[in-house]
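Novice: Would you mind keeping the following structure in view while I ask a few things?
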């Protein structure tokens with residue numbers, strides 16, 4: 057049975073790309089000798105090819121080492137300079153990238169990333185005038201422009217030129233999304249300069265534009281509280297908490313303000329302000345399709361400017377996790393200090409990484425330690441439930457979700473996901489009554505969740521109950537998420553289950569176009585093709601599904617359909633349900649040898665199926681005709697009358 061599956065999707069394309077590789081497995085620092093046999097000397101071509109191979113394997117350490125070695129043998133090669141520079145940035149080896157940046161701008165003064173990195177290095181060293189000079193150079197696109205301009209503004213503030221700094225930001229021209237960065241940074245610059253009124257005016261604009269950004273909310277609340285407007289500060293924090301995932305930094309700030317403490321400014325130094333620019337852009341890039349590589353570089357540069365920023369470290373760990381670089385992600389999360397408010401979040405993410413690496417037992421132990429420290433830690437309980445569910449320990453999974461539900465407000469609409477997860481666990485465990493109740497409760501809390509509509513609607517149709525309502529739910533899910541191949545597949549399969557085979561074919565073909573690499577969708581389309589008489593195409597889809605690593609049970613059924621056809625497999629299923637025994641003989645295998653001619657001429661209206669049925673008494677043997685006549689059949693579905701086909705002996 058097809059189930060609704062959540063898939064993390066990237067969104068729009070990134071503004072521009074710098075690197076061809078984001079990250080790779082984490083391990084202790086290595087040298088070339090770790091990758092080479094004893095006493096083997098490197099060559100330019102060998103190191104270059106090894107670097108490319110490591111790049112394809114997502115091994116950043118090896119790729120960097122081999123690019124460095126190749127560059128040492130051909131130091132003026134512009135391509136090797138650029139690739140080595142890129143790899144060093146991805147690795148966070150910023151200091152080592154600086155000499156290469158100098159060489160890059162010598163060969164091309166307009167090298168935008170080289171100038172930006174050198175400008176950042178000067179800013180870190182408080183050489184603000186040089187930083188401004190560097191940042192004013194280089195080619196400019198929208199992303200490079202906002203980066204260089206905001207960093208240049210902080211460099212101006214480092215020279216105590218606040219008016220100039222604010223003017224640089226205020227006069228930036230670019231896409232609409234520039235506005236949020238402009239107002240936020242103007243507020244921070246004015247705050248560092250001690251201009252409270254100007255800071256409040258700018259942060260008000262930023263908050264009105266984007267009240268869902270954690271950093272804008274935090275800066276807004278800190279400024280308001282320091283201005284004596286604690287009620288406004290707490291209201292903003294409370295609103296954010298009600299609509300966003302729990303954030304320990306927001307909770308800590310709220311506790312401080314409630315306790316009567318005056319919070320510190322969000323940013324206190326120029327270096328922190330510049331790091332905030334890189335953090336904001338890097339985090340934004342990480343949500344864009346294709347933005348992982350450049351997002352990694354921005355966050356690494358942010359850490360270079362502000363090594364003590366736990367928030368940037370967490371963002372980098374999250375980015376690596378999203379890029380499925382789980383070993384590296386763990387290594388980053390482990391750098392969060394134990395005393396940090398973000399340490400617990402880091403430990404949660406380490407558990408997620410461990411599970412993704414197949415170390416589920418280690419992940420479970422890690423989460424159990426968190427639960428032992430706080431039995432009402434609903435996030436740790438939820439993660440435990442999800443790991444149990446992923447390992448098919450469905451009853452244990454449901455138990456963890458139940459404990460998580462008991463720890464939170466069950467009427468909060470945001471908790472629809474917990475009921476959905478528990479419903480899936482119960483359904484997989486075979487307890488449909490409890491599963492149905494949870495799925496309905498999930499929809500009650502959030503009526504327009506495509507995942508839940510799809511799962512419950514499909515389950516009803518598959519069980520031949522509540523057919524009209526179930527079909528309506530699936531159609532609604534498709535309307536809400538028309539580009540989700542799994543949900544479109546559910547609609548196609550629902551049509552199939554209700555006997556609307558032509559409609560099923562249309563929807564399943566669309567599902568294949570959206571998600572061509574899924575075994576279940578290919579299998580479903582094969583069944584639908586069979587029902588509308590497109591039997592050759594059916595076998596193609598089944599063969600495709602067979603080769604896509606289906607579950608053992610699904611593969612067994614696919615192989616049976618390939619061997620005997622869908623009709624016989626369904627007859628077998630019915631016979632098994634009624635207690636009859638079905639053998640290969642009853643599935644169409646006549647044990648008496650059949651005499652056939654050595655060749656046959658295709659007539660009007662003939663198909664390979666009809667010819668096989670006429671010659672062998674079994675249309676499913678058309679595949680033997682295909683195998684014997686591959687050179688004559690360009691399209692087995694369209695055979696030309698008058699074609700002479702070779703006829704192999706009957707089995």
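Numbering (the working numbering), first residue to last: 57 to 707. Glycine is no exception: its CB is placed at the ideal position from the N, C-alpha and C atoms. Computed from a predicted structure; not experimentally measured.
#1: Looking only at DSSP bridge pairs, what is residue 656 linked to?
#2: Measure the Cβ-Cβ separation of residue 292 and residue 277 and say whether it is below 8 Å.
#3: Between residue 517 and residue 554, is the Cβ-Cβ spacing less than 8 Å?
#4: I'd like to know if the stretch 119 to 127 and the stretch 322 to 342 are in contact, where contact means that at least 3 CB-CB pairs between them fall below 8 Å.
#5: Whole angstroms are fine: how far does the CA of residue 103 sit from the CA of residue 584?
#6: Anyone know if the C-beta pair for residue 559 and residue 581 falls short of 8 Å?
#7: Short of 8 Å in beta carbon distance, which residues of its chain neighbour residue 588, apart from the five on each side in sequence? Order them along the chain.
#8: Taking the alpha helix (DSSP H) that residue 556 belongs to, which residues open and close that run?
#9: Can you look up residue 311 in the DSSP assignment and give me helix, strand or coil?
#10: Would you kindly report the start and end of the unbroken alpha helix (DSSP H) that includes residue 208?
#11: Within 10 Å of its beta-carbon, does residue 314 have 16 or more other beta-carbons around it, so buried, or fewer, so exposed?
#12: Which same chain residues, not among the five before or five after residue 490, have their C-beta less than 7 Å away from its C-beta?
#13: With residue 134 as the anchor, note down where its alpha helix (DSSP H) starts and where it stops.
#14: Whose C-alpha, out of 226, 360, 455, is nearest the C-alpha of residue 238?
#15: Is residue 393 helix, strand or coil when you go by DSSP?
#16: Over the uninterrupted alpha helix (DSSP H) stretch that includes residue 338, give me the two end residues.
#17: I'd like the list of long-range same chain contacts for residue 683, defined as Cβ closer than 8 Å, with 5 residues on each side in sequence excluded.
#18: In this structure, does DSSP put residue 611 in helix, strand or coil?
#19: How do the stretch 367 to 377 and the stretch 342 to 358 stand: do at least 3 beta-carbon pairs fall below 8 Å, yes or no?
#20: Residue 353: beta carbon under 7 Å from a heavy atom of the ligand MG?
#21: Straight-line CA distance for residue 633 to residue 627?
#22: Restricting to Cα atoms, I'd like to know which of 283, 108, 354 is closest to residue 146.
#23: Closer than 6 Å by C-beta to residue 501: which residues in its own chain qualify, once you throw out the five before and the five after it? Chain order, please.
#24: What's the C-alpha gap between residue 621 and residue 595?
#25: Out of curiosity, what's the CA-to-CA distance linking residue 211 and residue 217?
#26: Threshold first: 4 residues or longer. Then list the alpha helix (DSSP H) segments lying entirely within the stretch 478 to 531, N to C.
#27: Taking just the CA atoms, how far does residue 572 sit from residue 702?
Specialist: Put simply:
#1: Beta-bridge pairing links residue 656 to 701.
#2: A distance below 8 Å separates the beta carbons of residue 292 and residue 277.
#3: Yes. Within cutoff.
#4: No contact exists between the stretch 119 to 127 and the stretch 322 to 342.
#5: Looking at the backbone, the Cα of residue 584 and that of residue 103 are separated by about 52 Å.
#6: Between residue 559 and residue 581, the C-beta gap is not smaller than 8 Å, which leaves the two residues out of contact.
#7: The residues 557, 558, 561, in chain order, have a CB closer than 8 Å to that of residue 588 in the same chain once the five nearest residues on each side in sequence are set aside.
#8: That residue, residue 556, is in no alpha helix (DSSP H); it is neither H nor E in DSSP.
#9: The three-state secondary structure of residue 311, taken from DSSP, is helix.
#10: That run of the alpha helix (DSSP H) goes 198 to 214.
#11: So residue 314 counts as exposed.
#12: Closer than 7 Å at the Cβ level, and outside the excluded window around residue 490, lie 482.
#13: Run containing residue 134: 134 to 146, per the alpha helix (DSSP H) assignment.
#14: Distances from the CA of residue 238 to each of 226, 360, 455 were compared; the closest alpha carbon is that of 226.
#15: Of the three classes helix, strand and coil, the one that applies to residue 393 here is coil, per DSSP.
#16: Looking at the DSSP string, the run of the alpha helix (DSSP H) that includes residue 338 is 326 to 342.
#17: Answer for residue 683: 704, listed in chain order.
#18: Secondary structure of residue 611 (DSSP, three-state): helix.
#19: With the cut-off at 8 Å, the stretch 367 to 377 and the stretch 342 to 358 touch.
#20: Looking at this structure, you won't find the ligand MG or any other ligand, since it has none at all.
#21: Confidence at residue 633 is low in this model, with a pLDDT of 47, below 50, so the placement of that residue is unreliable and no value is reported for it.
#22: Closest by alpha carbon: 354.
#23: Within the same chain, residue 501 has close Cβ partners 469, 472.
#24: Residue 621 and residue 595: Cα-Cα distance of roughly 8 Å.
#25: Answer to the nearest angstrom: the Cα atoms are 9 Å apart.
#26: The DSSP assignment places complete alpha helix (DSSP H) segments of no fewer than 4 residues inside the stretch 478 to 531 at 488 to 501, 506 to 518, in order along the chain.
#27: If I take the Cα positions, the gap works out to 34 Å.
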